[in-house]
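Protein chains: 2
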Amino acid sequence: MQDSPKTPSNVVKYRKGSSAKEVCEGLRRRILTLDLRPGEPIDETQISEMFGVSRSPVREAINRLSAERLVVALPNRGAIVAPVDLIGFPQFMAALDLQQRFATRLAARHRSSADLVRLEMLATEYNEAVRSPDSVRVLEANHDFHLAVAEAGRNDYVTRQYGELLSEARRYLHIHIEYLMATSGRGLLEDQHLDFLDAIRARDVEEADKIAHEHTLQFEERFLRALRHMPDPNFQIEAPERTPDR
Amino acid sequence: MQDSPKTPSNVVKYRKGSSAKEVCEGLRRRILTLDLRPGEPIDETQISEMFGVSRSPVREAINRLSAERLVVALPNRGAIVAPVDLIGFPQFMAALDLQQRFATRLAARHRSSADLVRLEMLATEYNEAVRSPDSVRVLEANHDFHLAVAEAGRNDYVTRQYGELLSEARRYLHIHIEYLMATSGRGLLEDQHLDFLDAIRARDVEEADKIAHEHTLQFEERFLRALRHMPDPNFQIEAPERTPDR
DNA sequence: TTGGCGAATCTTGCATGCAACAAAAATACA
DNA sequence: TGTATTTTTGTTGCATGCAAGATTCGCCAA
């Protein structure tokens with residue numbers, strides 16, 4: 016029919032229902048990879064220019080991310096990237112442990128054989144990701160595997176709540192992985208999920224629970240150790256730069 | 016479908032940052048009390064006229080409620096009040112049970128004496144609410160008590176996720192309470208929370224866990240029984256009315 | 001220099017307008 | 001009469017405009 020009725024050229028607009036989605040996903044990725052630093056203020060106008068859209072879809076995206084607790088809204092004063100709260104870290108891990116154990120138990124009980132195939136695939140992808148230099152790929156692979164475990168458990172409420180925690184975990188995991196890659200410790204990450212698979216395949220609920228718990232504990236311990244020995248002076252909990260303006 | 020909640024005169028606007036909040040809370044209450052029926056379509060224009068604001072704050076409110084899973088967004092076709100999914104009810108109860116047990120355990124472990132005072136107050140309010148004819152008051156009192164238990168547990172993540180489930184539970188509880196009030200069975204609701212208080216006061220973690228679990232089971236059983244004997248022909252899972260226009 | 005007060009500036013929250021998409025109605029056609 | 005196609009109507013998603021708060025800056029006094 017037509018391709019460009021009157022749109023003022025250079026800005027290629029997204030399709031109708033996708034601007035907000037695009038912005039939301041773009042921001043989420045930047046937040047989860049710490050590309051946007053915790054505590055950093057989010058300026059609606061700036062973001063809208065960045066994505067070439069108006070402020071409306073940006074506001075919608077910020078609202079959604081705020082619901083995901085990836086940004087916190089300050090009334091009348093916009094929003095900031097949610098701080099990575101080290102005080103709250105043990106609380107976070109306690110909540111994650113609970114959901115991870117329960118989700119993995121459910122998976123061991125309710126998984127179908129199709130689930131097993133999918134999990135095997137994702138576990139393989141994870142192992143390949145670990146051997147690649149792409150740390151974001153590791154984050155994604157880890158997230159996808161655990162989410163697939165939850166989905167195999169056939170409880171939407173658990174999947175959703177566990178998924179929220181897994182999203183947030185990506186930020187901690189990112190810190191952890193950067194450390195391991197910098198210190199040649201990436202071997203520690205290999206084959207992390209094979210024992211999950213075994214227990215789920217065997218429908219061994221108690222074993223699945225135990226493995227999930229140990230997995231959480233191991234991550235917590237390693238993350239805290241990485242923090243102690245953090246060799247990367249770039250990382251700061253509070254955003255250090257951006258003093259010039261605003 | 017009925018009167019507008021506030022806005023006495025036509026131009027009296029809410030204060031700056033409060034339109035969306037007002038709409039959000041108004042809609043939430045109507046949804047949780049089943050005043051807006053599950054599955055009912057939500058028209059932005061209609062809602063905006065109802066609250067006397069423009070569509071912007073209405074959209075924001077709908078987004079937030081969508082994040083709370085109280086409404087479901089349909090791309091390009093607006094939103095509907097989230098259906099009360101009876102198929103998913105056992106799954107919901109499983110998730111609620113998990114969080115309720117964990118939250119109550121945490122409360123027993125970490126509660127301060129100030130928490131005890133607050134919980135006693137809320138338990139009293141609950142008992143008074145049960146003896147009043149106001150079913151919404153019972154819903155609120157029940158919700159507030161359990162949320163306060165979670166807060167006494169000092170884990171923000173658990174409080175948040177448990178709180179989300181408690182919100183959703185209000186819709187089920189509403190069905191349940193209407194049934195009890197109609198069948199003079201409200202005595203069953205009395206003193207529901209005193210045993211929680213005892214266990215939390217005694218810092219008896221295992222007992223708290225057990226009581227929380229029994230509480231969930233009891234609710235599940237009673238709700239299902241109420242469904243079987245539902246004397247109220249008004250309640251339908253699918254919205255029956257509103258055939259004329261959408 | 002420091003601290004307070006008011007104006008300028010910036011950012012947000014809401015209102016409004018318009019175009020894209022979906023549903024419904026009307027029309028054409030077999 | 002039934003079905004396919006077009007027209008019409010309605011609603012959503014996004015852009016834009018404007019005013020309320022907040023922030024910043026300048027000025028002045030202590």
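First to last, the protein sequences are chains A and B. Residues 16 to 261 (the working numbering) are what the first sequence spells out, left to right. Residues 16 to 261 (the working numbering) are what the second sequence spells out, left to right. Beta carbons are placed, not taken as given, at the ideal position from N, Cα and C, and that holds for glycine.
Interface annotation, K31/B: in contact with chain A, CB-CB separation under 9 Å. In the DSSP assignment, P56/A is bridged to I95/A. When DSSP reads this structure, A88/B sits in a beta bridge with A94/B. Interface criterion not met: the Cβ of A94/A is under 9 Å from no Cβ in chain B. Taking 9 Å as the threshold, the shortest C-beta distance from R43/B to chain A does not fall below it. At a Cβ-Cβ threshold of 9 Å, F117/B and L113/A count as neighbours. In the DSSP assignment, V68/B falls outside any alpha helix (DSSP H) and carries neither an H nor an E.
Put simply, the stretch 67-76 of chain B does not touch the stretch 196-203 of chain B. Fewer than three CB pairs are less than 8 Å apart. By the neighbour-count criterion, in which 16 or more other beta carbons inside 10 Å mark a residue as buried, L180/A falls on the buried side.
Bounds of any alpha helix (DSSP H) do not take in K31/B, whose DSSP letter is neither H nor E. Measuring C-alpha to C-alpha distances from V151/B to each of R186/B, F66/B, R175/B, N91/B identifies R186/B as the nearest. Per DSSP, the continuous alpha helix (DSSP H) segment holding L239/B begins and ends at 220-243.
With a cutoff of 9 Å on beta-carbon distance, R218/B and A123/B are scored as near each other.
With 16 or more other Cβ atoms from the protein chains shown falling within 10 Å of its own Cβ, S63/B counts as buried. The alpha carbon of P53/B has as its nearest neighbour, out of I190/B, Y194/B, L204/B, L203/B, the alpha carbon of I190/B. Per DSSP, the unbroken alpha helix (DSSP H) holding E166/A starts and ends at 150-167. For L239/B, there are no C-beta contacts with chain A under 8 Å, since the nearest C-beta of that chain is about 18 Å from it. For L209/B, the uninterrupted alpha helix (DSSP H) run begins and ends at 209-216, by DSSP.
The residue among R92/B, P98/B, R84/B with its C-alpha nearest the C-alpha of D58/B is R92/B. Remark: C-beta atoms of L42/A and L80/A approach each other more closely than 9 Å. Under the three-state reduction of DSSP, G103/A is assigned to coil, being neither helix nor strand. E135/B and L212/B have their C-alpha atoms spaced approximately 7 Å apart. Secondary structure of T119/B (DSSP, three-state): helix.
Nearest to P90/A by alpha-carbon distance, out of M108/A, R216/A, N78/A, is N78/A. Secondary structure note for R201/A: it is in no alpha helix (DSSP H), with a DSSP letter that is neither H nor E. A Cβ-Cβ separation of about 4 Å places A156/B in contact with A144/B under the 8 Å criterion. Boundaries of the alpha helix (DSSP H) harbouring E143/B: 128-146, taken from the DSSP string. If the five residues before and after E222/A are omitted, its C-beta is found closer than 6 Å to the C-beta atoms of A214, all from its own chain and listed in chain order. In this structure, the CA atom of S69/A is about 18 Å from the CA atom of S69/B.
With its beta carbon at least 9 Å from every one in chain B, Q207/A lies outside the interface.
Here the alpha carbon of G32/A sits roughly 14 Å from the alpha carbon of A94/B. For D171/A, the uninterrupted alpha helix (DSSP H) run begins and ends at 171-197, by DSSP. Along the stretch 76-94 of chain B, the positions whose C-beta sits under 7 Å from a C-beta of chain A are N78, R79, A82, P90, N91, read in chain order. Residues of chain B whose Cβ lies closer than 8 Å to the Cβ of G103/A are, in chain order, D171, Y172. Residues of the stretch 163-192 of chain B with a C-beta less than 9 Å from any C-beta of chain A: R169, N170, D171, Y172, V173, R175, Q176, E179, L180, E183, listed in chain order. Rounded to the nearest angstrom, the Cβ distance from T119/B to D224/B is 7 Å, consistent with a contact under 8 Å.
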